[in-house]
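Protein chains in written order, with our numbering: chain W, 1 to 425; chain P, 1001 to 1251.
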Amino acid sequence: MSAMAPSPATAHYREAFERLQPQLGGSASRRAAAMQRFAELGFPGAREEAWKYTSLRRLESRRFVPAAPTTSSVDVPVAFVAQRLVLANGSPVGTVPAALGGFTLGTLTTASEDQLLRPVLGGGTERFAALNAALSTGPLLLSTATGQRSEDVLQLTLITTGAGPTLASPRVAVRMAAGSRARLLIDHVDDGAHEHFTNAVLDIELGAGAHLTLYRLQRQGERAFHIERIETRVGENATFIMRDSQLGAALARLDTNVGLDGRAAATELTGVFLADGARHLDSHIHVGHHAIETTSFQDYRGIAANKGRGVFNGKAIVHEGAQKSNARQVNRNLLLTRGAEIDTKPDLEIYADDVQCSHGTTTGQLDPNALFYLRSRGLSEPEARSALTRAFAGAVLARVDEPALAKYVHDELDRRLVRLLEVAA
Amino acid sequence: MLSIRDLHAQIGVRKILKGVNLEVKPGEVHAIMGPNGSGKSTLASVLVGRAGYEVTKGYAHYLGDDLLALEPEERARRGVFLAFQYPVEIPGVNNAYLLKAALNAVRKQRGLPELDAFEFLALIKDKMKLMQMDESFLSRGVNEGFSGGEKKRNEILQMAVLEPRLALLDETDSGLDIDALRVVASGVNSLRSPERAIVMVTHYQRLLDYIEPDFVHVLSDGRILRTGDKSLALELEKRGYDWVKQEASAA
Chain W
1 MSAMAPSPAT AHYREAFERL QPQLGGSASR RAAAMQRFAE LGFPGAREEA WKYTSLRRLE
61 SRRFVPAAPT TSSVDVPVAF VAQRLVLANG SPVGTVPAAL GGFTLGTLTT ASEDQLLRPV
121 LGGGTERFAA LNAALSTGPL LLSTATGQRS EDVLQLTLIT TGAGPTLASP RVAVRMAAGS
181 RARLLIDHVD DGAHEHFTNA VLDIELGAGA HLTLYRLQRQ GERAFHIERI ETRVGENATF
241 IMRDSQLGAA LARLDTNVGL DGRAAATELT GVFLADGARH LDSHIHVGHH AIETTSFQDY
301 RGIAANKGRG VFNGKAIVHE GAQKSNARQV NRNLLLTRGA EIDTKPDLEI YADDVQCSHG
361 TTTGQLDPNA LFYLRSRGLS EPEARSALTR AFAGAVLARV DEPALAKYVH DELDRRLVRL
421 LEVAA
Chain P
1001 MLSIRDLHAQ IGVRKILKGV NLEVKPGEVH AIMGPNGSGK STLASVLVGR AGYEVTKGYA
1061 HYLGDDLLAL EPEERARRGV FLAFQYPVEI PGVNNAYLLK AALNAVRKQR GLPELDAFEF
1121 LALIKDKMKL MQMDESFLSR GVNEGFSGGE KKRNEILQMA VLEPRLALLD ETDSGLDIDA
1181 LRVVASGVNS LRSPERAIVM VTHYQRLLDY IEPDFVHVLS DGRILRTGDK SLALELEKRG
1241 YDWVKQEASA A
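#1: So with Cβ pairs under 9 angstroms, would you call P:Ala1102 a contact of chain W?
#2: Would you say W:Ser112 faces chain P, with C-beta separation under 9 angstroms as the test?
#3: How about W:Lys315 and W:His284: do their beta carbons lie closer than 9 angstroms?
#4: Specify whether the segment 153-168 of chain W and the segment 179-197 of chain W touch according to this definition: at least 3 beta carbon pairs, one from each stretch, less than 8 angstroms apart.
#5: DSSP three-state label for P:Val1256, please.
#6: For the candidate residues W:Ser376, W:Gly271 and W:Leu397, whose alpha-carbon lies nearest to that of P:Val1080?
#7: How many Å lie between W:Thr267 and W:Phe297 at the Cα?
#8: Counting pairs of beta carbons, one from the segment 1187-1196 of chain P and one from the segment 1049-1067 of chain P, are three or more of them closer than 8 angstroms?
#9: Measuring only the C-alpha atoms, how far is W:Gly288 from W:Arg243?
#10: Quick one: Cα of W:Val330 to Cα of W:Thr71, how far?
#11: Who are the neighbours of W:Ala370 on chain P, taking C-beta pairs under 7 angstroms?
#12: I'd like the list of long-range same chain contacts for W:Met1, defined as Cβ closer than 6 angstroms, with 5 residues on each side in sequence excluded.
#13: Which partner residues does W:Arg175 have in the DSSP bridge list?
#14: Does the segment 1072-1086 of chain P come into contact with the segment 1120-1138 of chain P, if we say contact requires no fewer than three beta-carbon pairs (one atom in each stretch) closer than 8 angstroms?
#15: Please work out which residues of its chain come closer than 7 angstroms, Cβ to Cβ, to W:Ala82, disregarding the five sequence neighbours upstream and downstream, and give them in chain order.
#16: Using a Cβ-Cβ cut-off of less than 9 angstroms, list which residues of the segment 355-389 of chain W approach chain P; keep chain order.
#17: At what residue ranges does the segment 342-381 of chain W contain a whole run of the alpha helix (DSSP H), taking only runs of 4 or more?
#18: Within the 9 angstroms Cβ cut-off, does P:Arg1050 reach chain W?
#19: If contact means a Cβ-Cβ distance below 8 angstroms, which residues of the segment 391-403 of chain W contact chain P?
#20: List the endpoints of the continuous beta strand (DSSP E) containing W:Thr161.
#21: Taking the beta carbon of P:Val1013 as the centre, do at least 16 other beta carbons fall within 10 Å, making it buried, or is it exposed?
#22: Leaving out the 5 sequence neighbours to the left and right, which residues in its chain are closer than 8 angstroms to P:Ala1197 when beta-carbon positions are compared?
#23: Output yes or no for whether 9 angstroms exceeds the beta carbon distance between W:Arg385 and W:Leu397.
#24: Use the C-beta contact count for W:Asp347: other C-beta atoms within 10 angstroms, 16 or more gives buried, fewer gives exposed.
#25: Thinking P:Ala1096 and P:Leu1130 are a contact (beta carbons under 8 angstroms), I'd like their distance in whole angstroms, please.
#26: Spatial neighbours of W:Arg181 within its chain, please: CB distance less than 6 angstroms, with the 5 preceding and 5 following residues excluded, ordered by chain position.
#27: Below 8 angstroms on the Cβ atoms is my contact criterion, and I expect W:Ala322 with W:Ala278 to pass it. Report the Cβ-Cβ distance as a whole number of Å.
#28: With a 10 Å radius around its C-beta and 16 neighbouring C-beta atoms as the bar for buried, classify W:Gln36 as buried or exposed.
#29: Which term fits W:Gly94, buried or exposed, when burial requires 16 or more other beta carbons within 10 angstroms of its beta carbon?
#30: What span of residues does the alpha helix (DSSP H) with W:Leu334 cover, start to end?
#31: Please return the same chain residues whose Cβ sits closer than 8 angstroms to the Cβ of P:Pro1113, not counting the five positions on each side in sequence.
#32: Hey, out of W:Asp255, W:Glu228, W:His226 and W:Asn237, whose CA is closest to W:Leu206's CA?
#33: Here's the rule: buried if 16 or more other CB atoms are within 10 angstroms of the residue's CB, otherwise exposed. What is P:Asp1116?
#34: What ranges does the beta strand (DSSP E) occupy inside the segment 205-279 of chain W, keeping only unbroken runs of at least 3 residues that lie completely in it?
#35: Closer than 9 angstroms, CB to CB, is P:Tyr1097 near chain W or not?
#36: Give me the chain W residues within the contact set of P:Glu1073, using Cβ-Cβ distance strictly less than 9 angstroms, ordered along the chain.
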């Protein structure tokens, strides 16, 4: 097959990359290869299964300027926890300390490029992970030593900011050694001044018996484009826990890929998304059970209102030989107003015979009997709807065991639900 | 206080209430008895504004206002309370939240300031003692995993907290053992007052041994066929409902 001419958007990013290249650290050939991979894959077409419900035509039509490395400080929301590092357009702001919040920190000048810019392969977002590897300005390595256990939470605030529409490419690699334990909170924000594009990659590897809890908050502005790939390899007896709150951006796509590679590796992925206004929020999960006695649990709750649209695709594949594995998926969705839409697809593929798997999906509206009961006690209809909606999300939010973050998400849901329900009433 | 005239109501094309007349004054306790399917629960549902019922004729006035024109929450705020026959379970919305939101909605309507958390707790603890309910109940989901008896006690607790002007009790005795019935009845009796009216809908006379009514009405096929004092309830207990129907059709 002859090579197709690059699309105007692809050509734009290649040219921008070539201009920016001298300022980017790391090996030029590695960066160039990543750029080449992005150019080969290009933007997804309408017929690509992984993008069936999410069109990137709007994103593709824009010409974002890739951010140059910077160390200048920016205004960011207050931290949820004591230990926090800010990355502006992917570059750490200020001096990067050697250690923070239970992790040892590394950058392109102090850590291995093989770790920092390791290619992320496969799936609908491989192209964007490659674009990120080409353009990433300040990739950060978070590592733990064998047996190092911390109950602290390290917060990374990732802000996208710029004088015009900016493409930020934050990249964080997490390498946890055997038996270590840590908690990481990633907070995605932007300056709201322009239509920015955040293209993030989080590349995680957990050694034997390691335990990572990742709290994720995506609260970018109403004009933001956000694409993110979380790639996780989980070793023997290791556990990866993710608590996701997908609340912001105009268009957001998150691919969470988890490979349960070692015996008895486990993952628990829970999240809530609120697609109100005209937001389009897409969460794809892909869990691969590659070893025996591996366990996965997914519980995602989606809320859509107004012209909001939610997409959920939760996939678990139990590969041959992954006997005695357990895969459970729950996805519940709530359509609060007319015009909202949620497309959900639970997906189990099982190639082993001695396994326990289940999935359940529901999409519906609030229980009219419960609604009437609350109103019969004097609650207004918006109050009653808001209380029931919070209860719906609360079942998942109860697992967010970082109090300041949990409070923020609860309050934010309240604020937005009351507003949209009062308008609807 | 409550004045119902020639009330007709239906669900879809099925006519259920066919001309109910009822006059309730402050301080009175009324019992509406009747066989299954006579329209007792429909009457209660129509009075609190449950969706799905169409009122085709007649009216219900409450303290001079057209009750049926008000939204359900508006009725509640003005002091109408229904203790449900089947209280719904609402996981994730806890009892404390509901009680506080409901109480503050009612207080706002009455021109009273909202209660803060401490005042609320002090008030609620007294009422919970009355209903013999454990404090852990406050942090549980509304009716979540409650036994039938706990649900009914919870209804009366809400009523005791909200202090309605007009309390409607829909089959509050159903599903209660004798001990739970005593607790529920003492809760209701503690709310008897010259300003408050209570209307109980019940199939059996048993509840009336504990909560003595001033008036007993027999509702059958969508109409009140007979009104008497509590001796009428005893007679119904002995003779069943058929004789009332026969006398009514003979008249």
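Glycine included, C-beta positions come from ideal geometry on N, C-alpha and C.
Predicted, not measured: the structure shown is a model, and the values here were computed from it.
Short version:
#1: Residue 1102 of chain P sits at position 102 when you count from the first residue of the second sequence. Output row for P:Ala1102: interface = yes.
#2: Position 112 of the first sequence, counted from the start, is the residue given in the question as residue 112 of chain W. Chain P, which has no Cβ nearer than 9 angstroms to the Cβ of W:Ser112, makes this no.
#3: Translated into the one-based positions of the first sequence, residue 315 of chain W becomes position 315. Translated into the one-based positions of the first sequence, residue 284 of chain W becomes position 284. Result yes, Cβ atoms of W:Lys315 and W:His284 sit closer than 9 angstroms.
#4: At 8 angstroms Cβ cutoff, the stretches touch.
#5: One cannot answer for residue 1256 of chain P here, as it falls past the ends of chain P, which runs 1001 to 1251.
#6: Residue mapping note: residue 1080 of chain P aligns to position 80 of the second sequence, counting from 1. Taking only the C-alpha atoms, the option nearest P:Val1080 is W:Ser376.
#7: Position 267 of the first sequence, counted from the start, is the residue given in the question as residue 267 of chain W. Position 297 of the first sequence, counted from the start, is the residue given in the question as residue 297 of chain W. Each residue's Cα considered, the two are about 6 angstroms apart.
#8: No contact exists between the segment 1187-1196 of chain P and the segment 1049-1067 of chain P.
#9: The count along the first sequence starts at 1 and reaches residue 288 of chain W at position 288. The count along the first sequence starts at 1 and reaches residue 243 of chain W at position 243. Straight-line Cα distance between these residues: approximately 19 angstroms.
#10: Numbered from its first residue, the first sequence carries residue 330 of chain W at position 330. Numbered from its first residue, the first sequence carries residue 71 of chain W at position 71. Cα to Cα, W:Val330 sits roughly 42 angstroms from W:Thr71.
#11: On the first sequence, residue 370 of chain W is found 370 positions in, with the first residue counted as 1. Val1088 and Ile1090, listed in chain order.
#12: For this step, residue 1 of chain W is matched to residue 1 along the first sequence. Residue placement at W:Met1 is poorly supported in this model, since its pLDDT is 41, which falls under 50; the coordinates are not used for a value here.
#13: Here residue 175 of chain W corresponds to residue number 175 of the first sequence, with the count starting at 1. Answer by DSSP bridge pairing, in chain order: W:Ser143 and W:Glu205.
#14: Touching, no, given that fewer than three Cβ pairs across the two stretches are closer than 8 angstroms.
#15: By one-based count along the first sequence, residue 82 of chain W stands at place 82. The same chain holds no residue with a CB closer than 7 angstroms to that of W:Ala82 once the five nearest residues on each side in sequence are set aside.
#16: So the close ones are Asp367, Pro368, Asn369, Ala370, Phe372, Tyr373, Leu374, Arg375, Ser376, Arg377, Gly378, Leu379, Ser380, Glu381, Glu383, Ala384, Ala387 and Leu388.
#17: Within the segment 342-381 of chain W, the alpha helix (DSSP H) runs of at least 4 residues that lie entirely inside it are, in chain order, 368-375.
#18: Translated into the one-based positions of the second sequence, residue 1050 of chain P becomes position 50. Chain W contact via Cβ: present.
#19: Against chain P - using a Cβ distance shorter than 8 angstroms - the residues of the segment 391-403 of chain W are Ala391, Phe392, Gly394 and Ala395.
#20: Stepping through the first sequence from its first residue, residue 161 of chain W is reached at position 161. If you look at W:Thr161, you'll find it isn't in any beta strand (DSSP E); DSSP assigns it neither H nor E.
#21: Here residue 1013 of chain P refers to the residue found at position 13 when the second sequence is read from its first residue. With fewer than 16 Cβ atoms within 10 Å of its Cβ, P:Val1013 is classed as exposed.
#22: Translated into positions along the second sequence, residue 1197 of chain P becomes position 197. Only Met1001, Leu1002, Val1024, Lys1025, Pro1026, Gly1027, Glu1028, Val1029, His1030, Arg1165, Leu1166 and Ala1167 meet the Cβ criterion.
#23: Reading the first sequence from its first residue, position 385 is the one you call residue 385 of chain W. Reading the first sequence from its first residue, position 397 is the one you call residue 397 of chain W. No, these two residues do not count as a Cβ contact at 9 angstroms.
#24: The residue given as residue 347 of chain W occupies position 347 in the first sequence. Residue environment: W:Asp347 is assigned as exposed (fewer than 16 neighbouring CB atoms within 10 Å of its CB, all protein chains considered).
#25: Taking the first residue of the second sequence as 1, we reach residue 1096 of chain P at position 96. Taking the first residue of the second sequence as 1, we reach residue 1130 of chain P at position 130. Not a contact, Cβ separation roughly 17 angstroms.
#26: On the first sequence, residue 181 of chain W is found 181 positions in, with the first residue counted as 1. Once the five neighbours on either side are set aside, the close Cβ partners of W:Arg181 are Arg149 and His211.
#27: Translated into the one-based positions of the first sequence, residue 322 of chain W becomes position 322. Translated into the one-based positions of the first sequence, residue 278 of chain W becomes position 278. Taking 8 angstroms as the upper bound for CB-CB distance, W:Ala322 and W:Ala278 are not in contact here, some 41 angstroms apart.
#28: Counting from 1 along the first sequence, the entry for residue 36 of chain W is found at position 36. Exposed.
#29: Residue mapping note: residue 94 of chain W aligns to position 94 of the first sequence, counting from 1. When all chains shown are included, W:Gly94 counts as exposed.
#30: Locating residue 334 of chain W in the first sequence gives position 334, counting from the first residue. In this chain, W:Leu334 is not harboured by any alpha helix (DSSP H); it is covered by the beta strand (DSSP E) spanning Asn326 to Leu335.
#31: Indexing the second sequence from 1 puts residue 1113 of chain P at position 113. Same-chain partners within the cutoff: Arg1107.
#32: Here residue 206 of chain W is taken as the residue at index 206 of the first sequence, counted from 1. Answer by Cα proximity: W:Asn237.
#33: Here the question's residue 1116 of chain P lines up with position 116 in the second sequence. Exposed: under 16 other Cβ atoms inside 10 Å.
#34: Whole beta strand (DSSP E) segments, 3+ residues: 211-218, 225-234, 239-246, 251-260 and 266-275.
#35: Within the second sequence, numbered from 1, the residue matching residue 1097 of chain P stands at position 97. Yes, contact with chain W.
#36: Taking the first residue of the second sequence as position 1, residue 1073 of chain P is located at position 73. Within chain W, the C-beta atoms nearer than 9 angstroms to that of P:Glu1073 come from Leu374, Arg375, Ser376, Arg377, Gly378, Leu379, Ser380, Glu381, Glu383 and Ala384, in chain order.
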